[in-house]
Amino acid sequence: MDPSGYVDVLRNTFSTVALLVSAAIIPSLIVGLCVAVFQATTSINEQTLSFLPRLLITIVAIALGVNWGLQQVMDFFNYIITMIPEVVS
């Protein structure tokens, strides 16, 4: 396998990881921004007010996306398994 093949495998690895992580982080960031705007407009400076909604949204996002995420990981695993003969030879 030429070096560009290894770069493709590494790129696919990073893109799969970024996709899976962003599926859980982006909803939390959006809720955190909404809570921060709410706190700024009402002058409420309670730290726990921003933690609980972000935690709940992150748990819900992970629970709803677990099937999709597992399918992505399985597709990537199959891709890696099919690349073994090319890497070895």
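Read in order, the letters of the sequence shown correspond to residues 1 to 89 in this note's numbering.
Don't be surprised by glycine CBs; every beta carbon is placed ideally from N, CA and C.
Could you check the C-alpha separation between P27 and E46 for me, to the nearest Å? 21 Å
What is the DSSP secondary structure of D8, reduced to helix, strand or coil? helix
Using the three-state DSSP reduction, which class does N45 fall into: helix, strand or coil? coil
Would you report the Cα separation of T58 and G65, rounded to the nearest angstrom? 10 Å
Please confirm whether S22 and Q39 have their CB atoms less than 8 Å apart. no
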